[in-house]
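See structure below.
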Amino acid sequence: MTTSDTAVHTQPFQAEVSELLHLMVHSVYSETDIFLRELISNASDACDKLRYEAIASPTLLGEGDALKIRIFPNKSAKTLTIADNGIGMERQELIDHLGTIARSGTKAFVSRLKEAKDGLGLIGQFGVGFYSAFMVAEKIVVISRRAGESDVWTWTSSGGSGFEIARASDEEAARVTRGTEIVLHLKDDAKKYLEAYEIERIVTAYSDNILFPIELVPEEGEPRQINSASALWQRSKSELTADDYKKAYQQIASAFDDPAMTLHYRAEGRYSYAVLLFAPSTKPFDLFEPNRKGRVKLYVRRVFITDDADLLPGYLRFIRGVVDSEDLPLNISREMLQNNPQLAQIRKAVATRVVSELESLADKDPENFAKIWDAFGAVLKEGIYEDFERREKLLSLSRFTTTSGEKRSLKQVIADFKPNQTEIYYLVGDSIERLKSNPRLEAATARGIEVLLLSDPVDAFWTSMPSEFDGKPLKSLSQGDLNLDLIPRVDEADGAKKDEPAADEAATIAVIKAALGERVSDVKASTRLTSSASCLVADSQGPSRELERILAQQNRGMKTRPILEINLHHPLVTAVTKAQAGSKVVDDLSLLLLEQAQILDGELPEDPAAFAARLNRLVLQGLGA
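According to our numbering, the stretch in the sequence shown is residues 11 to 635, in order.
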């Protein structure tokens, strides 16, 4: 044992923790009850971990009491103690778990917490609930002994810039035989949390379904259990109320919103398991973290195994809840989780049931489904790209902004098909506003065709795969050839434009091609345009221009040259034909057709200064200057 192990050791907090603690210590949040819920939840996790580790090493449980959580209010000392006899922490674990936040996105989280009106919900969702105790405590002492270890350590902090680690006193070591004891020295304005009725109120509201007994130990009188300590998902649906489910959701998901969807059932047959899942009504902070980690907990016969079993595909990672198997082995390893055929069957069945439940919700309760779609629609659309088996169902669930309205289903779009229309048309871009003014819409608009306007980044990916819905192919207005001639125009007067003088197709294309050279892969006469002069499209065999743009931002893929489509009836195009071949005017007009198409696509011309000079020349020439 080294001197550094026995001496009091002072260590600064990680920068993000210091900033987080500042927010807690100087908290303006009115609902401070969260601290007790979070500390009880952490204690429950510690008991879960010990019960799991004891499967392989039964001696860790020893001859001690059954796993439980105890709360000790002490009015004379102004302390509130939350103790568990779970896994406990050794010295380095105290430093790692309570002095740092080893999680990506921490800085963004702290920034968002500063701005949030409902900061409390973020605290629970992000998993930094321990620090919420500084909202009510001026000092916190943590005493912990890891199961199977003889050493006992204390961690002390007043919420400033750092903390102290020291060996526990003989009295503390005798008191903590296994697990963790958290002693909160309460602020004067937090003395209400020493009242038994306040503690019981919070436990009943937030922690009633914790699987371990929670005992209140008053200064005088006998300890008594104040939670039901039952696995709610194992109970019959007929026994439970909507409020029971809401409390269970908030406890399991560390959330404060109401669930938009609840799915509770028991599967019997070849494999038996209970399922209790919830769809939140608000977006969690970590929804778009790169690892796309799910938050469904795996239990085996009421024993917590892991929350990292990937029980649902990545596009359903917003779902929260529990799957409790009766058949899996208790000592299942992480490697077995990845390859276990029984778990693979459970994954498949549960994912199918969740998607079916979402379909049912969309039909029976559109209001709550709209909450889910608003929060998680972009995530669900990942499944269209990834899950071929359920692609049709996910397309059916999807709601789109179109040229006809918002939250439109593909069934509604097909029901409003125009005569002779056989395809579902769409445009992909970076914003709805820009898409609405996109010149590629013109031919469809002239015929009253409804077009899907897709602006989520994932849209560029799932539309890159051949897709159809109800036998109708999905067709991009910005890729490949387009022929809408069989669909009648809404206003026949628009058709008169076709009779206006047009530029000579072959001659005009040859002149523009010569002027643009390698900047484009081809120049074609457009069937998409009715009033604009030009637009850029992608080849039908390659990636869309939006997908190319996204991949380029990630330094992936090669940029291809676009196809320039020109409107032969537009005066700017006919002017190209009339100008003298090889003149500066031809070059300027040809480049202007390309550059204005780039601008309409949200891109900058390759040489903005040359573009400005070129535009000035043409304007001055038109003014006769």
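Just so you know, even glycine gets a beta-carbon here, dropped at the ideal spot from N, CA and C.
Sequence-distant residues of its chain with Cβ nearer than 8 Å to residue i (five each side left out)
i      : result
Arg401 : Gly393, Ile394, Ser477
Asp6   : Examination of residue 6 is not possible in this model, given that the chain is present from 11 through 635 alone.
Ile79  : Ile50, Ala53, Ser54, Cys57, Ile92, Ala93, Asp94, Ile220, Phe222, Pro223, Ile224, Glu225
Glu433 : Lys482, Pro483, Leu484, Lys485
Burial state of residue i (16 or more Cβ within 10 Å)
i      : result
Asp253 : exposed
Val152 : buried
Phe298 : exposed
Gln489 : buried
Asn577 : buried
Leu130 : Here the model assigns Leu130 a pLDDT of 45, short of 50, so the residue's position is not dependable and the matter cannot be decided.
Thr69  : exposed
Asn626 : exposed
Arg113 : Reliability fails at Arg113, whose pLDDT of 47 lies under 50, so the model's placement of it is uncertain and the value that follows must be treated cautiously. By the neighbour-count rule (16 or more Cβ atoms within 10 Å), Arg113 is not buried but exposed.
Leu614 : exposed
Glu377 : exposed
Asn237 : buried
Arg311 : exposed
Lys381 : buried
Val468 : buried
Gly279 : exposed
Phe621 : buried
Alpha-carbon to alpha-carbon, residue j and residue i
i      : j      : result
Trp383 : Phe410 : 10 Å
Asp549 : Val533 : 12 Å
Val461 : Ser474 : 17 Å
Val596 : Arg624 : 11 Å
Pro572 : Arg555 : 8 Å
Lys197 : Lys85  : 12 Å
Asp617 : Leu602 : 12 Å
Leu390 : Arg330 : 15 Å
Thr584 : Ala513 : 5 Å
Asp426 : His580 : 31 Å
Ser28  : Gly170 : 7 Å
Gln21  : Gly172 : 5 Å
Asn493 : Lys428 : 14 Å
Ala147 : Tyr203 : 11 Å
Lys358 : Lys523 : 54 Å
Lys446 : Thr412 : 9 Å
Pro233 : Ile81  : 9 Å
Glu229 : Tyr255 : 34 Å
Leu539 : Pro323 : 41 Å
Pro339 : Arg156 : 25 Å
Ala265 : Arg47  : 11 Å
Val313 : Leu347 : 15 Å
Arg61  : Ala241 : 16 Å
Minimum C-alpha distance to residue i - residue among the options
i      : options                        : result
Thr570 : Ala265, Arg529, Leu602         : Arg529
Ala525 : Gln551, Gly415, Leu604         : Leu604
Glu210 : Gln235, Thr190, Thr518, Gly231 : Gln235
Ser531 : Ala562, Gln564, Leu574         : Leu574
Ala543 : Val521, Ala516, Glu100, Val586 : Val586
Ser167 : Ser179, Glu159, Ile150         : Ile150
Gly98  : Thr187, Glu232, Ala359         : Thr187
Gln261 : Thr214, Gln564, Asp334, Ala76  : Thr214
Thr637 : Asp480, Lys588, Pro467, Val365 : An answer regarding residue 637 cannot be provided, because it is not within the stretch 11 to 635 covered by the chain.
Tyr259 : Ser291, Met145, Ser370, Lys417 : Ser291
Ile459 : Lys59, Arg499, Glu191, Pro269  : Arg499
Asp320 : Asp334, Glu443, Arg302, Ala454 : Arg302
Phe479 : Gln244, Leu407, Ser282         : Leu407
Ala388 : Gln352, Lys374, Trp472, Leu582 : Trp472
Tyr325 : Leu308, Lys88, Val365, Asp106  : Val365
Phe140 : Glu181, Glu191, Glu182         : Glu191
Gly632 : Ile609, Leu582, Ser600, Leu108 : Leu582
Same chain, Cβ closer than 6 Å to residue i, neighbours up to 5 away in sequence not counted
i      : result
Leu487 : Tyr435, Leu437, Arg450
Leu273 : Leu287, Glu367
Lys293 : Ala385
Leu71  : Ala64
Arg305 : Arg330
Tyr275 : Val285
Ala184 : none
Same chain, Cβ closer than 7 Å to residue i, neighbours up to 5 away in sequence not counted
i      : result
Asn430 : Leu496, Ile497
Asp440 : Ser465, Gly612
Ser541 : Glu452
Short CB-CB distance (under 8 Å) between residue i and chain B
i      : result
Ser600 : Although the question refers to chain B, the structure presented lacks it and comprises just one protein chain.
Q.
Ignoring anything shorter than 3 residues, give me the beta strand (DSSP E) runs that lie fully in the segment 193 to 269, in order along the chain.
A. The qualifying runs are 224 to 226.
Q: With a floor of 3 residues, list each beta strand (DSSP E) that falls wholly inside the segment 362 to 412, ordered by position along the chain.
A: The segment 362 to 412 contains these whole beta strand (DSSP E) runs: 410 to 412.
Q | Uninterrupted beta strand (DSSP E) stretches inside the segment 48 to 98 (no shorter than 3 residues) | A | Counting only unbroken stretches of 3 or more residues, the beta strand (DSSP E) elements lying wholly within the segment 48 to 98 are 79 to 84, 89 to 94, in sequence order.
(Q) Extract the residue ranges of the alpha helix (DSSP H) inside the segment 275 to 304, only unbroken runs of 4 or more that lie entirely within it. (A) Runs of the alpha helix (DSSP H) inside the segment 275 to 304: none found.
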